[in-house]
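Line order of the protein sequences matches chains A and B.
The numbering of the first sequence is our numbering, which starts it at 281 and goes up by one.
The numbering of the second sequence is our numbering, which starts it at 22 and goes up by one.
Every residue gets a Cβ at the ideal spot worked out from N, C-alpha and C, and that includes glycine.
Please read the structure below before turning to the comments.
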Amino acid sequence: MLNNILTAGFFISVLAATIRLATPILLGALGGIYSQRAGILNLGMEGTMCIGAVIAFIVAFFSHSLILGVLAAMICGMIFTLIMAWLSVTMKSNQVIAGTALTILGTGFAAFLYRTVFGVLSLPPQITSFGELHIPILSSIPIIGPIFFQHNVLVYLAYFLIIITWIVLEKTIFGLNIKVVGEHPRAADSKGINVAKIRYASLMIEGLYGGLAGAFMTTAYLNSFLDTMISGRGFIAVAVVVFARWQPVKAMWGALIFGFASALQIRLQAIGTNIPNQFLLMLPYILTVIALISVSKNAQFPSAYTKPYSRMER
Amino acid sequence: MMVLKIKNLLINLIPSLITIFIALFIGAILIIFSGNNPIEAYAYMIRGAFGSKQNISETMVKTIPLTMMALGTSIAFKNQLWNIGGDGQFIIGALFSTSIGLSLNLPSWIMLPLSLIAAFLGGGLWSALAGWLKAKFNANEVITTLMLNYIASFILAYLVYGPMMDPNGFGFPQTPLLKDSYHLGLFSQETRIHMGIFVAIALIIIMIFFWKSKLGYKIELMGQGEQVARYAGINAKKMMILTMMLSGGLAGVAGWNEVYGLHYRLMTDIASGYGSMAIVIALLGNLNPIGIAISSFFFSILLVGGNTMQRMTTIPYSIVNIIQGLVVIFVITRATLFKNIGMTKLKKLMNIGNKNMGETKDVK
């Protein structure tokens, strides 16, 4: 069995799968950075991803256009996250409970929509998912090519969004406003920054990312929809944001760690190890807890984290 | 005094009833979209929950564990600890009590309380782990309890597919049956309703007194914010772990109830997602023991009736989840909503019940 593991082929396939499996978590985490930086903890990401997954699938199935599916998923993710914005910013509700409610609502609604559209079928409907896009020249480099340059387009997009996210947060006035609102909403308000507007905007951007993450699951990772397909990825993404201390590049490393745990589990299962597969399946979840412990103690949370802002109160 | 209390309780029920009504109304709109008649659908739901002796019994059978778990959830929530790991704690509780039941040979009057304590400890320790991680490392309990859910369900799957599998079970992922003398008594041979209901009632009464006790009061104080607790001289970290322990312990007892009262064995799907429902129930019940019992009953109707509805119509069962999510949203917004509408009197009433969740406190 060890002979099967210690081969170049095994490592290449594990590492390539790591990059692929990290993608939805990375997208969710990048989105979470916007809202958490603005002081909103959105635990509804799990629900947003479910909505994104089902919308992308349904639209792609009927329009035969994957791009349209992905765009629809992003827009619906954004609309869905508006509920979180309304609850946390306008209604000033408890964000943990609001996020939990949205997770229950989102997973329920996704399953409901899927059954309503397709009914109960013995064979699940399928679409043709995004194919591998081999980057010319680079993809033919041995070892490096198959690991990094033979993925579908959404994978490249996700990694490209790391740069975009970083630029928006660090190099634009909008990004600066997000951070000020998360650190010191009162100061922001006195400078004429509309706190509610910035928080709404950051949550809506998060919704776009979350919808995209969900779309990845149905249009790129698999080619069908399952009720259980998100299975905690949204929550892991939230954990990654904290682990990454609200930095896009660090979020990538966080996502890759979880991608690696999932990839290793799938590959080891495929070649049949003596380790019971339940222990392998546990791996990403245990890692999340360990990662959270390792950074939470000294983490510098945004000062206004999870605190609603009201002009009246002091 | 007593009359006033009952009156207060009834007035407190009004906002909850409005909440449920709005959620069911939106559910009805979705049912129309799915091409069904909502009145017919809800009629099936009521018939499924109350149509026969068996149906009523099933509704009660579900009310018992939901009440236990939601009571547990309410303990953590009062302390502003967002324990959403009820399912994991339920599983570990069921696991501890089943292991004892399968390995020890004792008279049933010893075994039943002993297994109940084991379940409480199992669920409690699993949850205390998250409490400890929060106290020691400041790890967000929402994420840790959630991850512990997944970990617990994989531990359970490993055991029932492996070491604990029934050797005569034709390879089904389940443990052997507990011996007959360990089973909680049934009220009648035709229905599944069992003596666990007395444990649930006892827990409701215990919780009413718990909130009047010193420990209960301390937990409520903790929920008012760290500063308040500090002024009161409470050791916040210790209380955090203890609160989580008690909260998870009750979820563990719900696991015990399902094993000893209903299935008499462990299987992979024993938790059946009661955890998230317990959160909704605890919130709808204003974290109040009586309120929780009433909300549990309502959600059992949804659960049992929802199954019937799915069988009789083409409406997917997930409509029940949607209604759950909507209920939570309306519970957390109604105080502000009513204020905006100008119903100051109702709002005042609701502030009494909502003081622990209407307003946000620091939850990092």
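| Check | Outcome |
| --- | --- |
| First and last residue of the beta strand (DSSP E) that includes Glu-211/B? | Element bounds for Glu-211/B: n/a, residue is neither H nor E. |
| If you follow the beta strand (DSSP E) that Gln-430/A is part of, which residue opens it and which one closes it? | 430-432 |
| Rounding to the nearest angstrom, what Cα-Cα distance links Lys-477/A and Val-448/A in this structure? | 17 Å |
| Is Leu-87/B close to chain A? Criterion is C-beta to C-beta, closer than 8 Å. | no |
| What number of angstroms, rounded off, separates the C-alpha of Leu-287/B from the C-alpha of Gly-388/A? | 27 Å |
| Using CA atoms only, rank isn't needed, just tell me which of Gly-539/A, Ala-571/A, Asn-374/A, Met-325/A is closest to Met-102/B. | The question names Met, but residue 102/B in the sequence shown is Leu. It is Asn-374/A whose Cα lies nearest to the Cα of Leu-102/B. |
| Does the count of Cβ pairs from the stretch 493-503 of chain A and the stretch 333-341 of chain A closer than 8 Å reach three? | yes |
| List in chain order: all unbroken alpha helix (DSSP H) runs of 4+ residues lying wholly within the stretch 40-124 of chain B. | 59-71, 74-99, 107-124 |
| Just the chain B side, please: which residues come within less than 8 Å of Gln-558/A by C-beta, in chain order? | Phe-175, Ile-176, Ala-178, Tyr-179, Tyr-182 |
| Taking only three categories from DSSP, how would you classify Gln-195/B? | strand |
| So what does DSSP say about Leu-413/A, is it helix, strand or coil? | strand |
| Where His-431/A and Gly-539/A are concerned, what is the direct C-alpha to C-alpha distance, given to the nearest angstrom? | 14 Å |
| Whole angstroms is fine: what's the gap from Gln-331/B's alpha carbon to Gly-534/A's? | 41 Å |
| Pull up the distance between the alpha-carbon of Gln-245/B and that of Ala-253/B, whole angstroms please. | 11 Å |
| Check the Cβ of Ser-646/A against every Cβ in chain B and list those closer than 8 Å, keeping chain order. | The question about residue 646/A has no answer, for chain A in this structure spans 281 to 594. |
| Take Val-348/B as the anchor and find which of Ile-300/B, Gly-327/B, Leu-207/B, Ile-229/B has the nearest alpha-carbon. | Ile-300/B |
| Which residues, in chain order, does the stretch 305-330 of chain B contribute to contact with chain A at a C-beta distance below 7 Å? | none |
| Please report whether the beta-carbon of Asn-33/B lies at a distance below 8 Å from any beta-carbon of chain A. | no |
| Leaving out five residues before and five after Asp-201/B in sequence, what residues of the same chain have Cβ atoms less than 7 Å from its Cβ? | none |
| Name the residue from Thr-498/A, Ser-590/A, Asp-507/A whose alpha carbon lies nearest to the alpha carbon of Thr-303/A. | Thr-498/A |
| Could you tell me the distance, in whole angstroms, from the CA atom of Pro-405/A to the CA atom of His-414/A? | 27 Å |
| Would you kindly work out how many angstroms separate the C-alpha atoms of Leu-137/B and Ser-118/B, rounded to a whole number? | 7 Å |
| Just checking my contact of Gln-345/B with Ile-384/A at CB under 8 Å: how many whole Å lie between their CB atoms? | 5 Å |
| Find out if the Cβ-Cβ distance for the pair Leu-135/B, Ile-121/B is shorter than 8 Å. | yes |
| Closest by CA to Asn-3/B, which one among Ile-240/B, Leu-304/B, Phe-231/B, Phe-42/B? | Absent from the model: residue 3/B. The displayed extent of chain B is 22 to 385, so no value can be given. |
| Using three-state DSSP, classify Met-333/B as helix, strand or coil. | helix |
| Report yes if the CB atom of Val-569/A is closer than 8 Å to the CB atom of Met-168/B, and no otherwise. | yes |
| Kindly indicate if chain B contains any beta-carbon less than 8 Å away from that of Tyr-314/A. | no |
| Taking DSSP as the reference, what is the three-state secondary structure of Met-364/B? | Unreliable placement is indicated for Met-364/B, whose pLDDT of 44 sits below 50; no coordinate value is reported for it. |
| Find the residues of chain B that neighbour Phe-515/A, judging by a C-beta separation of less than 7 Å, and give them in chain order. | Ile-164, Leu-167 |
| Verify the CB distance criterion: does Leu-45/B have a CB-CB separation below 8 Å to chain A? | no |
| Taking 8 Å as the threshold (C-beta atoms), are Ala-517/A and Ala-524/A in contact? | no |
| Name the residues in the stretch 355-389 of chain A whose C-beta lies less than 9 Å from a C-beta of chain B; which are they? | Ile-363, Trp-366, Leu-367, Ser-368, Thr-370, Met-371, Lys-372, Ser-373, Asn-374, Gln-375, Val-376, Ile-377, Ala-378, Gly-379, Thr-380, Ala-381, Leu-382, Thr-383, Ile-384, Leu-385, Gly-386, Thr-387, Gly-388, Phe-389 |
| In chain A, what lies closer than 9 Å to Asn-342/B by C-beta? | Ile-384, Leu-385, Thr-387, Gly-388, Phe-389, Ala-391, Phe-392 |
| For chain A, find out if any of its Cβ atoms is closer than 8 Å to the Cβ of Pro-337/B; answer yes or no. | yes |
| Specify the secondary structure class of His-464/A as computed by DSSP and reduced to three states. | coil |
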